[in-house]
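For reference, the structure is listed below as C-alpha cells.
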Amino acid sequence: AQSVTQLGSHVSVSEGALVLLRCNYSSSVPPYLFWYVQYPNQGLQLLLKYTTGATLVKGINGFEAEFKKSETSFHLTKPSAHMSDAAEYFCAVSENDMRFGAGTRLTVKP
Amino acid sequence: GAVVSQHPSWVICKSGTSVKIECRSLDFQATTMFWYRQFPKQSLMLMATSNEGSKATYEQGVEKDKFLINHASLTLSTLTVTSAHPEDSSFYICSAVNRGAGDAAYNEQFFGPGTRLTVL
C-alpha cells in the first residue's frame, strides 16, 4: 500500500527566503503525487500534481516540485516566500485512493 | 474548475443525536466520493470510499454503523454521524472524482470546504 512521509512538521522561513518542504513516498506502482495547501478551517486546494512526463512540475502561487524516482521524493519548493504562503501543506500519493502525509505547517516571518 | 460543496460548514449538536453532512459536486458527475476526518493539527484520514449506487467501502477501524454513508446520485453523498459523542468532534472533509474519465489514481480529487462538527 502507498504511504507518504513528510519530514518536518513545522518549517519557518523569512519572507523572501526559499521554501523547501520535504516529501518521500512509498508506492508499489508508478505513483501519482500531489501537494495540497490548507488554510485554517478550510478544505484542501491543489497546488500541483505529478502523473507522468516531465519530472519538474510547476503549480500555482509560484510553487514547484520535482519527482525523483531514485530518491522516492517529491519535495515542494518556492524561490521566495510570501506572508500569504503561511498555511498547512500536505503531500499525497494516489493509487486507487489517496493517502496523505502528516502535513507541514509553514510559518513565514516578516 | 470542479467545485465541491459541503453543508453545513459547521454544526454543534448534543451527545446522542445524529448529524447529517452533505457533499455535492456542483458542476460534474462524481462517480466516487471520499470522506475524510481530520483532527486538530493532524492530517486527513480516509474514512470511506463511496461509489454511486453501491455500498461504501470503509477503512479499517471505521464503524460503518456509526458513520452511515449514502451516495444516491452522481452529485450527492451524505455522511450521517449516528448517536454522536464528544469524541466524534472533528473536521470532516469530502472529495469527489469522476472515475469515468479514466484511471482512478490519475484523476484529481476535488475537495469540499469541510464541516466542523462539535458534539457537546
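Chains as they are written, first to last, in our numbering: chain A, 1 to 110; chain B, 1 to 120.
Glycine included, C-beta positions come from ideal geometry on N, C-alpha and C.
| Query | Result |
| --- | --- |
| Is I12(B) close to chain A, meaning its C-beta is less than 9 Å from at least one C-beta of that chain? | no |
| Give me, in chain order, the residues of the same chain whose beta-carbon lies closer than 8 Å to that of K78(A); leave out the 5 immediate sequence neighbours on both sides. | L18, V19, N61, G62, F63, E64 and D85 |
| In whole angstroms, what separates the C-alpha of I12(B) from that of P30(A)? | 43 Å |
| Could you give the residue range of the beta strand (DSSP E) that holds N51(B)? | L44 to N51 |
| Is it right to say A111(A) is buried, meaning 16 or more other beta carbons lie within 10 angstroms of its own, or is it exposed? | Missing from the structure shown is residue 111(A); chain A here goes from 1 to 110 and no further. |
| Taking Q109(B) as the reference, which of W35(A), G59(A) and R105(A) has the closest Cα? | W35(A) |
| Which residues mark the beginning and the end of the beta strand (DSSP E) in which M33(B) is found? | T32 to Q38 |
| For chain A, is any of its Cβ atoms less than 9 Å away from the one on P113(B)? | yes |
| For Y36(B), which residues of its own chain have a beta-carbon under 8 Å away from its beta-carbon, when the five flanking residues on both sides are left out? | L44, M45, L46, M47, Y92, I93, C94 and S95 |
| When you check each C-beta in the stretch 86-103 of chain A against every C-beta of chain B, which residues fall closer than 8 Å? | F90, S94, E95, N96, D97, M98, R99, F100, G101, A102 and G103 |
| Where does H10(A) land, buried or exposed, given buried means 16+ other C-beta within 10 angstroms? | exposed |
| For S27(A), which of Y89(A), F90(A), L48(A) and D97(A) has the nearest alpha-carbon? | D97(A) |
| Is there a Cβ from chain B that is less than 9 Å from the Cβ of R22(A)? | no |
| To the nearest angstrom, how far is the alpha carbon of S14(A) from that of K109(A)? | 5 Å |
| Using a Cβ-Cβ cut-off of 6 Å (strictly less than) and excluding sequence neighbours within five positions of S73(A), which residues of its own chain qualify? | N24 |
| Could you pull the start and end residues of the beta strand (DSSP E) that N24(A) belongs to? | V19 to S26 |
| Terminal residues of the continuous beta strand (DSSP E) containing S94(A)? | A87 to S94 |
| For A87(A), does the count of other Cβ atoms within 10 angstroms reach 16, so buried, or fall short, so exposed? | buried |
| Going by beta-carbon coordinates alone, are P113(B) and G43(A) separated by less than 9 Å? | yes |
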